[in-house]
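Numbering (this note's numbering), first residue to last: 20 to 195.
Structure representation (structure tokens):
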């Protein structure tokens, strides 16, 4: 019983201590909760502000991306246009060169035909001249034979020596 009596005396004290401790813990919890609420509210406002800032930044970046995409599309179109122009210019230059080549080819073909015609005419003229030379040669041979015959006959007759010189001069002039 002694133990029970000491326990009874100790129990209200202990209960009182526990009540005080409980109260101080409740008070501490209250202040911590209040402090957390304040931090949460401050943090919450910061979160809202940060969220708004991020949304604004996202929209700004979207707009910037859209602008960059439009610039890229415009640049691509310009490059395509430039390529088309370059291709057209190259095609035009190629066609000009091809026309020039064809023109030079035609001129050369005409020149070849003219030269072939001139060659044919020159051959014909050479053949004609050769025929004339041959005819002249035969004529000269005949005249030479006649002259020899006449000179032989004239050697026998001295008065005809003058005529022989005239024939020789006539032949010489004809050969010129």
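Built from N, CA and C at the ideal position, the CB exists for glycine as well.
Can you give me the C-alpha to C-alpha distance between residue i and residue j, rounded to a whole angstrom?
i: residue 91; j: residue 97; result: 10 Å
i: residue 29; j: residue 54; result: 36 Å
i: residue 124; j: residue 136; result: 18 Å
i: residue 111; j: residue 102; result: 14 Å
i: residue 95; j: residue 129; result: 50 Å
i: residue 201; j: residue 87; result: Limits of the chain in this structure are 20 at one end and 195 at the other, which puts residue 201 out of reach.
i: residue 161; j: residue 155; result: 10 Å
i: residue 121; j: residue 127; result: 10 Å
i: residue 143; j: residue 132; result: 16 Å
i: residue 33; j: residue 48; result: 22 Å
i: residue 36; j: residue 69; result: 47 Å
i: residue 73; j: residue 60; result: 19 Å
i: residue 21; j: residue 45; result: In this prediction, residue 21 has a pLDDT of 48, which is less than 50 and means its spatial position is unreliable; what the coordinates show is noted afterwards. Looking at the two C-alpha atoms, the distance is approximately 35 Å.
i: residue 50; j: residue 66; result: 23 Å
i: residue 79; j: residue 93; result: 21 Å
i: residue 39; j: residue 57; result: 27 Å
i: residue 113; j: residue 104; result: 14 Å
i: residue 157; j: residue 134; result: 34 Å
i: residue 64; j: residue 81; result: 25 Å
i: residue 167; j: residue 152; result: 21 Å
i: residue 106; j: residue 75; result: 46 Å
i: residue 43; j: residue 84; result: 58 Å
i: residue 89; j: residue 77; result: 18 Å
i: residue 163; j: residue 145; result: 26 Å
i: residue 141; j: residue 171; result: 43 Å
i: residue 99; j: residue 62; result: 53 Å
Give a single yes or no on whether residue i has its beta carbon closer than 7 Å to a heavy atom of the ligand ATP.
i: residue 99; result: In the structure on display, the ligand ATP does not appear, and there are no ligands present to speak of.
Take residue i as the anchor and find which of the options has the nearest alpha-carbon.
i: residue 189; options: 73, 172 and 159; result: 159
i: residue 169; options: 157, 147 and 187; result: 187
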